[in-house]
Structure formats: C-alpha cells, structure tokens
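Data block below; observations after.
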Amino acid sequence: MGQQSLIYSFVARGTVILAEYTEFTGNFTTVASQCLQKLPATSNKFTYNCDGHTFNYLVQDGYTYCVVAVESAGRQIPIAFLERVKEDFNKRYGGGKASTATAKSLNREFKSKLKEHMKYCVEHPEEINKLAKVKAQVSEVKGVMMENIEKVLDRGEKIELLVDKTENLRSQAQDFRQQVSLHAMDDPLFVVCTALEQNKKSHLSVIILFG
C-alpha cells in the first residue's frame, strides 16, 4: 500500500484549519472543508464516502482531525492516522497557541508531521491492524458512522472528486513546452490546438464538478 492511499489531512479548531498537508491537487480540499462546516460539535468519529474516497473525521475537545483516503485503504488505517495526529498535536499544542492560532498558521511547524504520520500509517499496515486489535478498536471502527457525502452537504447532484498528483501537473507543463518547441516551426495550428487542450486540462484539475 503506497502513500497515495492517504491523500489529504488537516487539523482544525472549530471550522478554522490550522495546518494541512497533501501532495495532490483537486477539489477534495474544498469538499473536506465543506464537510467540516457541517460536522456535529460533539466529540466523535465520522466517515463520509464520495466517489471512491472516504472523508474521515475525529472531533474532540473543539478540534477536528481529518484525513481523505481512497476507499481501498479501508477503515482502520485512516482512523489510526487520526489518533496518531491527535496525540501528537495535543502533546505539542495542548493548552498552548493552538487555541488562538489563525488559519494555516501552524503549517510551518505541523505540516511535516502530518506527512510523517501519513507515511508511517500506510507503510506499516500490519502493525496498524495489530494495534487496532489490541486496543479493541475493530468494533469501534465498524461503528463509525458512514454517510454519503452528498447527503451531508445537502446536494442532490453527485460530486465527482478530482485528484491529481502535483508532480503530474508539472510533468504535463514540461511536456507541453517540449511539444511546442518541436512543432512550432512546422505546424502553427498544432500550437494553438495543444494550448487550448492543455488549458482545458489545467482547469479540470482544480474545479468542482457536479455531474
């Protein structure tokens, strides 16, 4: 299981996201933020499914820990990730500056920690599963509420998630520049058509589609 099974994570106080991490681009960050606005304030775990992905939330003491994962990652790894992040965050900021921190202001300090916990959880699935059994979390994970995300966001339309590796976007841009340099002299029409097509793809990687 690769690190791509966990796509995006954040820590929020109320509805204010204090730190976040992802290696991808897409509309999943917007969807995750919209779900955050709808979460009950009570301490609990919540999982919402959408287009082959799960949006997992752990709410406790006014803070929300979130991770977006592919469905194939299962339930235990995302929940274990949230527990690890919660413990680390509380050790660092419990009763401290997290209570007054502004949006994204903890990114510099905690972004790398989100990446670190994400990497650990996806690279040690056997250990995560063993710990879950020892802590009797298997039944707890099964009991986590699973709801369709469109229902939570009060949308009648299906949400299509867009997830693209940041490196892929850079690679596409480089390929485009190479294509232009090779064909510009021979076929000006190629340059125009390729530019239009490339522009279309770039927009599709960041917008929200409601099909």
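Counted from 1, the sequence shown has number 183 at position 183 by UniProt numbering; the numbering is strictly sequential.
Glycine residues also receive a C-beta, built at the ideal position from the N, C-alpha and C atoms.
Ser72 sits in a helix when the DSSP states are folded into three classes. Rounded to the nearest whole angstrom, the CA to CA distance from Lys165 to Leu36 is 23 Å. Here the C-alpha atom of Asn129 lies approximately 27 Å from the C-alpha atom of Ala19. Restricting attention to Val163, Arg92, Thr42, Met118, the CA atom closest to the CA of Leu82 is found in Met118.
For Ala41, the closest alpha carbon among the candidates Glu116, Gly96, Gly14, Tyr8 is that of Gly14. Judged by beta-carbon spacing, Thr47 lies beyond the 7 Å limit of Ala12, meaning their Cβ atoms are not closer than that value. Linking Gln76 to Gln34 through their CA atoms gives a straight-line distance of about 24 Å. In the displayed model, Asp88 falls within a helix according to three-state DSSP. In this structure, DSSP gives Glu20 an extended state, which the three-state scheme calls strand. Per DSSP, the unbroken alpha helix (DSSP H) holding Gln37 starts and ends at 28 to 38. Lys97 and Phe10 have their C-alpha atoms some 17 Å from each other.
Counting the other CB atoms within 10 Å of its CB gives Arg84 a total of 16 or more, which places it among the buried residues. Pairing Lys104 with Asp88 gives a Cβ-Cβ distance that is not under 7 Å. A buried status is given to Asn56, since no fewer than 16 other beta-carbon atoms sit within 10 Å of its beta-carbon. Here Leu162 really is in contact with Gly26; their C-beta atoms are around 4 Å apart, less than 8 Å.
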